[in-house]
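S.K.:
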Amino acid sequence: MRTTIYRARVLDVPSDPFTGGQLRSDEDVALTVTDGTITGRGSLAEARVGAPEAEVLDLRAGILLPGFVDTHVHYPQVRAIGGLGMPLLDWLDECALPEEEHMADAGYAGQVADELLAGLAQAGTTTALVFGAHQASAMDVFFAAAEGSGLRITAGLVVGDRLLKDTLHTTPDAALSEAGRLIETWHGRGKLRYAVTPRFSLSATDELLAACAQTFTSREDLYFTSHVNENTAEVEAVAELFPHAAHYLDTYDRHGLLGPRSVLAHNVHPVPAELARMGETGVSVAHCPSSNASLGSGLFPMRAHLDAGVHVALGSDVGGGTGFSLIKEGLQAYFAQQARPDGVPLAPEHLLHLATVAGAHALGLDQVGHLSEGMAFDAVWFRPQEGSTAEAVLRSAASAGDALAKIFALGTPADVAQVWVAGEAPRMRRRPPSCSADPG
Ligand SMILES: [Zn+2]
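With numbering that gives the first Met the number 0, letter number 14 in the sequence shown gets 13, and the count goes up by one each step, no holes.
#1: Among residues of its own chain, excluding the 5 on either side of G20, which ones have a beta-carbon nearer than 8 Å to its beta-carbon?
#2: Does the beta-carbon of H243 have 16 or more other beta-carbons within 10 angstroms, so that it is buried, or is it exposed?
#3: Is the beta carbon of T126 closer than 8 Å to that of R151?
#4: Taking buried to mean at least 16 other C-beta atoms within 10 Å of its own C-beta, is V195 buried or exposed?
#5: I want to check one thing, is the minimum distance from the CB of F130 to the heavy atoms of ligand 1 below 7 Å?
#6: Please classify R59: does DSSP put it in a helix, a strand, or coil?
#7: Can V309 and V284 be called in contact, C-beta distance under 8 Å?
#8: Provide the residue span of the alpha helix (DSSP H) that contains E177, from first to last.
#9: What does DSSP give as the partner residues of D69 in its beta bridges?
#10: Nearest to Q417 by CA position, among F376, S202 and W90, is which residue?
#11: Kindly indicate which three-state DSSP category S435 falls into: helix, strand or coil?
#12: Whole angstroms are fine: how far does the CA of A397 sit from the CA of S24?
#13: What does the alpha-carbon distance come out to for the pair D249 and N228?
#14: Which runs of the alpha helix (DSSP H) at least 4 residues long sit entirely within the region 235-270? Give them in chain order.
#15: How is R6 classed by DSSP in three states: helix, strand or coil?
#16: Roughly how many angstroms separate the alpha carbons of A232 and L87, rounded to a whole number?
#17: Counting along the chain, where does the beta strand (DSSP E) carrying V520 start and finish?
#18: Taking 8 Å as the threshold, find out whether the region 68-86 comes into contact with the region 381-400 through three or more Cβ pairs.
#19: Within 10 Å of its beta-carbon, does K164 have 16 or more other beta-carbons around it, so buried, or fewer, so exposed?
#20: Can you tell me whether I37 is helix, strand or coil according to DSSP?
#21: Since I406 is in the alpha helix (DSSP H), which residue starts that stretch and which ends it?
#22: So for L43, helix, strand or coil by DSSP?
#23: Quick one: does the C-beta of G226 sit closer than 7 Å to a heavy atom of ligand 1?
#24: If you drop the 5 nearest sequence neighbours on each side, which residues of the same chain put their C-beta closer than 7 Å to that of E100?
#25: Enumerate, from N- to C-terminal direction, the unbroken alpha helix (DSSP H) stretches of 4 or more residues contained entirely within the region 260-320.
#26: Could you tell me whether any non-hydrogen atom of ligand 1 is closer than 7 Å to the CB of G155?
#27: Which residue wins for smallest C-alpha separation from C94, given the options Y222, G149, L294 and R302?
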């Protein structure tokens, strides 16, 4: 058994602020962590009595937050970040799909996998639902790198059989057999899990979606992820391709792809029947505000989601999104709601909840999202550099809520001094986020 005591100022949101939960703030608390799990939370004196031999790390120079959970980020699109000025379908053709084709080269795929995993960890993201590549070989490369990193990763082979590029198209039979092999090899290994991933209905025939459903229902612990209602041109095109479907969501629903283990990205343009069905089936929506703003997709109707009881979490949507930071996504979510006439007034505790517990819930990971006893020690040490604006502003914070607001207003990956997943620093082949803490 290995025990470490982390003495820190801790902010987290263990219960849902959308239904009355509050920000929890402890100015000076000791978290006892044994083999990656928080086994005690209290005063340093209590912690020392419980674990007299344990090393004490003093993190009070910064603020300790739960690790962030990104529910929508594309592995092959790291190098597509920055394609500004295009709506979704043009952006896919010009920026994203050429990168997706490059993933057929295993060497290239390996470099991008390392860039993605390092980008996540450097931004303080400890758990992610990753939209994979179209090539099974690239997924083997990715899962191997993800396993090595120690991050909690759920991902799967992306499939499409029309309207992409010929080189990216698959068949229902190939989709079935390749997913089967990947699940056999990687699902449940370490912190890895598999998600069945049709790109979106625009690029999938009913036969391919049926094959996805066959895979999804082949085991009880797989995930399903795709896109829905991102952009109005996309919504119209899907309606033309599926004339018998009641709406976009129905193209997935009719195959049995919706449930509590389903995460759909965007949903910027839902009709009321879709929201009602999402609430009924327990689907989670990955809200990706930077991407929605960058691609001009629209302002997310959060109020309508909450009213329909639809679970909402956050996604960076790299490379439609503009970086890996869920701190930035929280701020962008706040902006989007400020800009909508019916916007939900998001307080700092809502933003932290969306970036942590909400994502953990969407991914069915009860052991991460806050820093209570019994949880895994997945944490981010936010410590702005001395002399920076963030450091000066944070020092003047009037309250815990104010400090958290300042983190969301100014925080960047440069302020992430250290990350732990189950008590371990992520292992990166690229530059890891690390900064030594002073033993206290
Ligand atoms: Zn996406």
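Heads up, the beta-carbon is just placed ideally off N, CA and C, and yes, glycines get one too.
M.R.: On the basis of the data shown:
#1: Around G20: V12, P13, S14, E348 and H352.
#2: In this structure H243 is exposed. Its beta-carbon is surrounded by fewer than 16 other beta-carbon atoms within 10 angstroms.
#3: Yes.
#4: V195 counts as buried, since at least 16 other C-beta atoms from the protein chains shown sit within 10 angstroms of its C-beta.
#5: Checking every heavy atom of ligand 1 against the Cβ of F130, one is found closer than 7 Å.
#6: When DSSP states are grouped into helix, strand and coil, R59 belongs to the coil group.
#7: Result yes, Cβ atoms of V309 and V284 sit closer than 8 Å.
#8: Secondary structure note for E177: its alpha helix (DSSP H) is the uninterrupted segment P171 to W185.
#9: D69 pairs with A127.
#10: Residue F376 is the option with its Cα nearest to Q417.
#11: With a pLDDT of only 44 at S435, under 50, the local geometry of the prediction cannot be trusted, and no value is derived from it.
#12: If you take the alpha carbons of S24 and A397, they lie about 13 Å apart.
#13: Answer to the nearest angstrom: the Cα atoms are 12 Å apart.
#14: Within the region 235-270, the complete alpha helix (DSSP H) runs of at least 4 residues are 247-252.
#15: Looking at R6 - three-state DSSP - the assignment turns out to be strand.
#16: Each residue's Cα considered, the two are about 9 Å apart.
#17: Lying outside 0 to 439, the shown extent of the chain, residue 520 is not represented and no answer is given.
#18: Not touching, per the Cβ criterion.
#19: Per the 10 Å Cβ criterion, exposed.
#20: Three-state result, I37: strand.
#21: Counting along the chain, the alpha helix (DSSP H) containing I406 begins and ends at A399 to L409.
#22: Three-state DSSP puts L43 in a helix.
#23: According to the sequence shown, residue 226 is His rather than Gly. It does: the Cβ of H226 is within 7 Å (strictly closer) of some heavy atom of ligand 1.
#24: Cβ within range, chain order: K164, T166 and L167.
#25: Counting only runs of 4 or more, we get 271-280, 288-293 and 301-306.
#26: G155: no, Cβ never under 7 Å from ligand 1.
#27: Ranking Y222, G149, L294 and R302 by Cα distance to C94 puts L294 first.
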